[in-house]
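J.: Sharing a structure below in structure tokens format, with a few things to ask.
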Amino acid sequence: MENAKKIKTALISVYSKDKLETVVRALDGNGVKIYSTGGTYDFIQKLGISAQTVESLTSYPSILGGRVKTLHPKVFGGILGRMDNHEDRMQMDFYKIPAFDLVVVDLYPFEETVRATGDESEIIEKIDIGGISLIRAAAKNYHDVAVIASAGLYDVFLERYAEGRGGLSLEDRKWFAREAFNISSHYDSMIYRWFLKGEKGSFKQSILQAHPLRYGENPHQDGYFYGNPDEVFTQLHGKAISYNNIGDLDAAVSLIGEFEESTFAIIKHNNACGLASRPQLIQAWKDALAGDPVSAFGGVLVTNMPVDLACAKEIHALFFEILLAPGYEKEALELLQAKKNRILLQAKQVVLPNRIFRSALNGIIEQSKDLKTETLTDLKPVTRSVPCGRELEDLVFANKIVKHSRSNAIVLAKNKQLLASGVGQTSRVDALRQAIAKAISFGFDLHGAVMASDAFFPFADSVEIAHQAGITAIVQPGGSVRDQDSVNYCNAHDLSMVFTGIRHFKH
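Per our numbering, numbering of the sequence shown is gapless, rising by one per residue and ending at 511.
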């Protein structure tokens with residue numbers, strides 16, 4: 005490699021010794037002089053490799069319980085010294101400061117400690133001072149110094165170090181500096197968020213994992229996913245997940261989490277086009293598909309129960325993009341894998357963030373996630389006619405679905421089956437008419453069905469239309485100045501209606 009700057013002197017100070025041996029041996033094999041601290045020095049010595057302690061350079065021991073080890077001019081001077089600056093070189097010679105060509109350092113495991121304990125004193129001690137300072141100093145001076153700020157970068161370093169025959173090019177050093185600032189900025193963001201403890205403050209989100217996608221929402225847009233999907237599911241089969249797939253999967257995971265009984269849902273453009281809860285999973289699938297067999301084509305399927313062979317045979321007949329389930333029988337998985345591009349995912353138990361945000365105008369809007377799910381006790385009857393047992397179950401069922409549907413949204417359900425929904429409409433009446441038309445087109449009898457609305461009815465027209473279609477019970481948040489008009493219509497026509505007091509807009 006042309007213009008590779010040879011590494012002659014290195015400083016190594018790491019918390020984790022994972023994979024460090026390969027780096028140390030590579031440096032030693034090229035005659036690099038190594039300085040190190042505490043446990044790192046002991047580790048290197050046990051490998052039979054010569055190293056110098058930082059204390060031998062600074063003439064100061066590690067003090068304050070290890071809080072101060074490397075914070076010294078002879079260390080930072082050797083990292084920040086500019087080799088093309090005559091005055092820097094003169095001062096380094098005068099104070100006998102060695103020039104470091106490489107700094108290998110990592111940071112105390114702050115995030116891991118926060119996850120493991122609530123002990124504030126223990127967490128505070130995992131706020132790295134020396135390490136973060138070494139990283140920033142070396143990255144700033146990338147013209148002369150290379151910095152390896154994580155064990156995750158060791159393999160890249162070893163590859164480029166070998167290509168450079170014991171050195172690294174300026175391009176490589178700049179790349180490692182960029183990665184170092186990525187790591188240090190993430191670290192500082194996590195510390196800030198811990199101190200914030202849910203209070204309002206500056207918007208700081210940091211995710212180290214970046215996954216390029218085939219494209220964005222459309223082929224002419226680029227797309228990335230920032231996060232670790234392996235924490236949410238294991239991909240067992242199929243092509244790479246797309247930008248639109250991720251949106252549908254997010255909707256699927258949130259929706260299926262509302263149900264405890266065996267449930268199957270079909271998601272299309274973030275909305276449920278089919279959903280049913282049944283004692284037997286195969287019947288849940290059949291009834292979910294019946295809700296809209298047209299929209300189900302190319303959809304995302306999700307269930308909260310393991311998929312057996314009998315169910316897989318039914319599913320296999322449909323063209324779909326993704327199936328997400330907590331498990332699969334061996335024979336079921338083998339059958340479903342017959343289509344090479346079909347994406348099969350096994351869900352994991354994971355706690356998802358309870359804050360959501362998106363870009364808007366020249367900034368970000370953020371809010372808490374809608375975690376309110378109404379139960380039977382939240383349904384407040386407001387009409388003379390009170391819902392019966394089956395209707396109450398269907399009202400809770402339908403309300404769960406409408407909560408996860410794009411506004412304006414109306415859901416029609418009966419016997420724990422989604423009959424149809426009207427979603428993403430500019431008028432609540434339009435959403436209702438869309439739902440009724442779809443239900444009739446697929447042969448459903450709406451007599452005895454229930455209706456759920458994500459927001460209140462501003463007029464009684466929606467209640468009237470629902471009644472004429474055969475709806476017998478309604479759940480809505482209430483809160484309109486004209487609520488009484490809807491209540492009066494229900495009383496006059498023996499309809500049941502309950503209020504929840506909770507709106508579920510979703511845009």
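C-beta: ideal position from N, C-alpha, C; glycine also.
(1) Which one of Y45, G85, R169 has the shortest CA to CA distance from G35?
(2) How far does the alpha helix (DSSP H) with Y247 in it reach, from first residue to last?
(3) Using the C-alpha atoms, what's the distance from A314 back to D518?
(4) Taking 8 angstroms as the threshold, find out whether the region 348-368 comes into contact with the region 314-329 through three or more Cβ pairs.
(5) Grouping DSSP H, G and I as helix and E and B as strand, with all else coil, what is H190?
(6) Verify the contact flag: S20, CB atom, against every heavy atom of the ligand COA, threshold strictly below 7 angstroms.
(7) Name, in chain order, the residues that DSSP records as bridge partners for G278.
(8) Quick one: which unbroken alpha helix (DSSP H) runs of 4-plus residues sit fully inside the region 384-462? Chain order, please.
(9) Going by DSSP, what residue range makes up the alpha helix (DSSP H) through R119?
(10) Report yes if the C-beta distance between S411 and F509 is below 8 angstroms; otherwise report no.
(11) To which residues does DSSP link H241 through a beta bridge?
(12) List the whole-angstrom C-beta distance separating I270 from G303, where the pair is believed to meet the contact cut-off of C-beta under 8 angstroms.
(13) Relative to the C-alpha of E397, which residue among A413, H408, N419, K376 is closest?
(14) DSSP beta-bridge partners for P216?
(15) Please identify the residue among V415, T430, I128 whose C-alpha is closest to the C-alpha of L423.
(16) For A183, count neighbouring C-beta atoms within 10 Å of its own C-beta (all shown protein chains included) and say buried if the count is 16 or more, exposed if not.
(17) Quick one: give me the first and last residue of the beta strand (DSSP E) that F324 is part of.
(18) Can you give me the C-alpha to C-alpha distance between V491 and L375, rounded to a whole angstrom?
(19) Starting from M501, trace the beta strand (DSSP E) both ways and give me its first and last residue.
(20) Can you tell me whether F114 is buried or exposed, with buried defined as 16 or more other CB within 10 angstroms of its CB?
(21) Taking just the CA atoms, how far does G295 sit from P310?
(22) Below 7 angstroms CB to CB, which residues in the same chain sit around E265 once its five sequence neighbours on both sides are set aside?
(23) Straight-line CA distance for S389 to L499?
(24) Between the beta-carbon of V160 and the beta-carbon of A181, is there less than 8 angstroms?
(25) Taking all protein chains shown into account, do 16 or more other C-beta atoms lie within 10 angstroms of the C-beta of T267, making it buried, or fewer, making it exposed?
(26) Out of F401, E126, T13, which one is the CA nearest neighbour of S40?
(27) Measuring alpha carbon to alpha carbon, tell me which residue in A256, S466, V108 is nearest D434.
(28) Which residues bound the beta strand (DSSP E) around F361?
(29) Have a look at the DSSP bridge pairing and note the partners of K9.
(30) I need the boundaries of the beta strand (DSSP E) containing T307, first residue and last residue.
(31) Nearest to T117 by alpha carbon, out of R437, S206, Q341, I195?
(32) Could you check whether G474 and H451 sit closer than 8 angstroms to each other, using their CB atoms as the reference points?
(33) Determine the burial state of P216: buried for a count of at least 16 other Cβ atoms within 10 Å of its Cβ, exposed for fewer.
(34) Are the beta-carbon atoms belonging to Y158 and D132 less than 8 angstroms from one another?
(35) Who are the Cβ neighbours of M455 in its own chain at under 6 angstroms, not counting the five residues just before and after it?
T.: This is what the structure holds:
(1) R169
(2) Its alpha helix (DSSP H) spans residues 247-260.
(3) The question about residue 518 has no answer here: the residues shown for the chain are numbered 5 through 511.
(4) yes
(5) helix
(6) Annotation note on the ligand COA: not contained in the displayed structure, which lists no ligands.
(7) I270
(8) Counting only runs of 4 or more, we get 393-407, 432-445.
(9) 114-120
(10) yes
(11) L348
(12) 5 angstroms
(13) N419
(14) Y228
(15) V415
(16) Rather than Ala, the amino acid found at residue 183 in this sequence is Glu. E183 comes out buried.
(17) Counting along the chain, F324 falls outside any beta strand (DSSP E), and DSSP gives it neither H nor E.
(18) 28 angstroms
(19) 500-503
(20) buried
(21) Note on geometry: alpha-carbon atoms of P310 and G295 lie some 22 angstroms from one another.
(22) S281
(23) 6 angstroms
(24) no
(25) Buried is the call here.
(26) It is T13.
(27) Ranking A256, S466, V108 by Cα distance to D434 puts S466 first.
(28) 359-364
(29) L172
(30) If you look at T307, you'll find it in the beta strand (DSSP E) that goes 304-307.
(31) I195
(32) yes
(33) exposed
(34) A distance of 8 angstroms or more separates the beta carbons of Y158 and D132.
(35) L416, A470, I475, I478
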